[in-house]
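Trainee:
There are 2 protein chains.
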Amino acid sequence: MSVGDTEKSTSDRGRLDKRRAIVEAALRVFARVGYAQASLDMIAAEAGVAKPTIYNHLGSKENLFRHVMTETAARANGKTMEVLESFPGEADGLRPGLEDVAGKLVACYTDEQSQAVRRLLYAEAVRFPDLFDQVRASGPDQFIEALAGRLARLANAGHLRIEDPVRAANQFIALVYEELPTLSTFGSRPLDSREAEKVAVAGVDTFLRAFGS
Amino acid sequence: MSVGDTEKSTSDRGRLDKRRAIVEAALRVFARVGYAQASLDMIAAEAGVAKPTIYNHLGSKENLFRHVMTETAARANGKTMEVLESFPGEADGLRPGLEDVAGKLVACYTDEQSQAVRRLLYAEAVRFPDLFDQVRASGPDQFIEALAGRLARLANAGHLRIEDPVRAANQFIALVYEELPTLSTFGSRPLDSREAEKVAVAGVDTFLRAFGS
DNA sequence: GTGAAAATGAACTGATGAGTTCAATTGCCT
DNA sequence: AGGCAATTGAACTCATCAGTTCATTTTCAC
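From first to last, the protein sequence lines stand for chains A and B. Just so you know, we're using our numbering here: the first sequence kicks off at 1 and counts up by one. Just so you know, we're using our numbering here: the second sequence kicks off at 1001 and counts up by one.
(1) Just verifying my parser: in three-state terms, what is the DSSP assignment at L1191(B)?
(2) Taking C-beta pairs closer than 8 Å, name the residues in chain A that Q1171(B) reaches, listed in chain order.
(3) Please list, in chain order, the residues of the region 1020-1044 of chain B that have any C-beta partner in chain A closer than 9 Å.
(4) Please specify which runs of the beta strand (DSSP E), each continuous and at least 3 residues long, are wholly inside the region 71-150 of chain A, giving them in chain order.
(5) Could you tell me whether any Cβ in chain A is nearer than 7 Å to the Cβ of R1236(B)?
(6) Could you tell me which of F128(A), D92(A), E197(A) sits nearest to E178(A), measuring between CA atoms?
(7) Please check if any C-beta of chain B sits within less than 7 Å of the C-beta of Y109(A).
(8) Is DSSP giving G212(A) helix, strand or coil here?
(9) Using the three-state DSSP reduction, which class does S2(A) fall into: helix, strand or coil?
(10) Name the two residues that bound the continuous alpha helix (DSSP H) containing D1041(B).
(11) In chain B, which residues lie less than 7 Å from A210(A) when you measure between Cβ atoms?
(12) Can you list, in chain order, the residues of its chain with a C-beta nearer than 6 Å to that of R161(A)? Leave out the 5 residues immediately preceding and following it.
(13) Spell out whether any CB of chain B is found under 7 Å from the CB atom of A102(A).
(14) Have a look at S114(A), G103(A), E85(A) and flag the residue whose alpha-carbon is nearest the alpha-carbon of A146(A).
(15) So A1224(B) contacts chain A; which residues on that side make the cut at Cβ distance below 7 Å?
(16) Classify E112(A) as buried or exposed, calling it buried when 16 or more other Cβ atoms lie within 10 Å of its own Cβ.
(17) Hey, quick one: how far does the alpha helix (DSSP H) through L1027(B) stretch, first residue to last?
(18) Compare the beta carbon distance of K51(A) and L58(A) with 7 Å and say whether it is the shorter of the two.
(19) Tell me the residue span of the alpha helix (DSSP H) that contains Q1171(B).
(20) Which one or two residues does DSSP pair with L1160(B) in a beta bridge?
(21) Suppose the cutoff is 7 Å on Cβ atoms and the five residues either side in sequence are ignored; what does the same chain contact list for R1150(B) look like?
(22) When you compare only the Cα positions, how much space is there between A26(A) and G139(A)?
(23) What residues in its chain sit with their C-beta under 7 Å from that of T1206(B), if we drop five residues either side in the sequence?
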């Protein structure tokens, strides 16, 4: 029996790229109707694939869900981490620099796939608590650490007055995202991006009122 | 006549407040396993009631869920609004007053039933979008308005420097709750209340750094 | 007491959906 | 062209569960 065939990358036997099609279709279907309501027949139809093919590649509905979540979350988290590369390092242009970062973070947050994963993780946190932890540990937790490092550097250079960088980092994102989740009904409806941008700028303003030097 | 025996004795038939027992049991079961995974047999067993009795009182699973959500949310929202009665009206003792309010809000937020409803609302936002809207309109939206009013009064009296009270209210709760949701995996696991308290105090501190006069 | 209303348990229906099987087909490699 | 593996469709098994039915039992108001 083909047991742990972790990746089939070694031999690209005459397979079409069914696997990717399945995962992408699954994300769409899961996002649209939720985990419990998504049937494998739906997903197979959406992917343009026969049902047994799904089992060939991914084994079970639960396994498929895990793959979809971790893969999509990894992609979304990667984009979020990239935002920090444009983080301001000098006091010069600090406010516009932070506003730029905040705007990009909001864009990442409101990205369709990103919202879909987040919503599904919340929705299924009872059924898949380990998945929730795993994604958080590899994403948000690392991001907060990285952001805290950037803030600490600014504070160290005297450009900000911050005692607890991790707390400041959490408060920064709390201020920037503010009521984004409720505004979009947790991603289940579109969000006015101009409104989101204003929230982000206001968040930066409050952050600087509190921590600017 | 076993006194203090809350469990139904073998002969507990007939009419009593079955309806309340059903709704309470349903909340527990829904919170424990989610809407889709909760069967009416489970709920009936948990309530100590026969399955047809549930249909007598509440008609259908969907209807039962709606009742459970709206009733529990109304109770939780009521408690949250009560917190505002102890909102400080004078500059005198402003910080401890706000810290007190923040602590109580965190307590409301982390209340077991409150978290259960919130988690279920998020989880089922795709299936019951109207329910989400209804609860939010009757709860959080009104709360933000009320909080904004209190803040505006303080600002008007010169005790705070606030231009946009609604935004300030949103930022206040964003700072106070901060990462509570992720800390508790959206309510699916217990939360260290000392840690939550520290987050709240830090949130008030940042709020006052930004808006204090 | 008596009788109607409410509650019970147990069995039943119908639908849905995960996961499997398999013979037939397709695409790709040498 | 031959061959191998992936793919396909369709039918099938098995389990779960919402919602119903009904004959029986219990409670309570009178």
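Where a beta carbon is used, it is the ideal one built from N, C-alpha and C, also for glycine.
Mentor: Short version:
(1) In the displayed model, L1191(B) falls within coil according to three-state DSSP, outside both helix and strand.
(2) Residues of chain A with a Cβ closer than 8 Å to the Cβ of Q1171(B) are, in chain order, L175, E178, A202, G203, T206.
(3) Cβ contacts with chain A come from A1031, R1032, V1033, G1034, Y1035, A1036, Q1037.
(4) Contiguous beta strand (DSSP E) elements confined to the region 71-150 of chain A do not occur, taking only those with 3 or more residues.
(5) Since the first residue of chain B shown is 1001 and the last is 1213, residue 1236(B) is not available in this structure.
(6) Measuring C-alpha to C-alpha distances from E178(A) to each of F128(A), D92(A), E197(A) identifies E197(A) as the nearest.
(7) It does not; no Cβ of chain B falls within 7 Å.
(8) The answer is strand: DSSP assigns G212(A) an E or B state.
(9) Residue placement at S2(A) is poorly supported in this model, since its pLDDT is 35, which falls under 50; the coordinates still yield a value, given next. The three-state reading of DSSP puts S2(A) in coil, since its state is none of H, G, I, E or B.
(10) Bounds of the alpha helix (DSSP H) holding D1041(B) are 1040-1047.
(11) Within chain B, the residues near A210(A) are T1206, R1209, A1210.
(12) Excluding positions up to five away in sequence, the list reads F211, S213.
(13) Look at A102(A): its C-beta is not under 7 Å from any C-beta on chain B.
(14) For the options S114(A), G103(A), E85(A), the alpha carbon positioned closest to that of A146(A) is the one of E85(A).
(15) In the structure as shown, chain B starts at 1001 and stops at 1213, and residue 1224(B) therefore has no counterpart that could be examined.
(16) Result: exposed.
(17) For L1027(B), the uninterrupted alpha helix (DSSP H) segment begins and ends at 1018-1033.
(18) Going by C-beta atoms, K51(A) is not nearer than 7 Å to L58(A).
(19) Element bounds for Q1171(B): 1165-1177.
(20) Bridge partners of L1160(B): G1212(B).
(21) The residues are L1084, F1087.
(22) A direct Cα-to-Cα measurement between A26(A) and G139(A) gives close to 22 Å.
(23) If you ignore the 5 residues before and after T1206(B), its C-beta comes within less than 7 Å of the C-beta of L1175, all in its own chain and listed in chain order.
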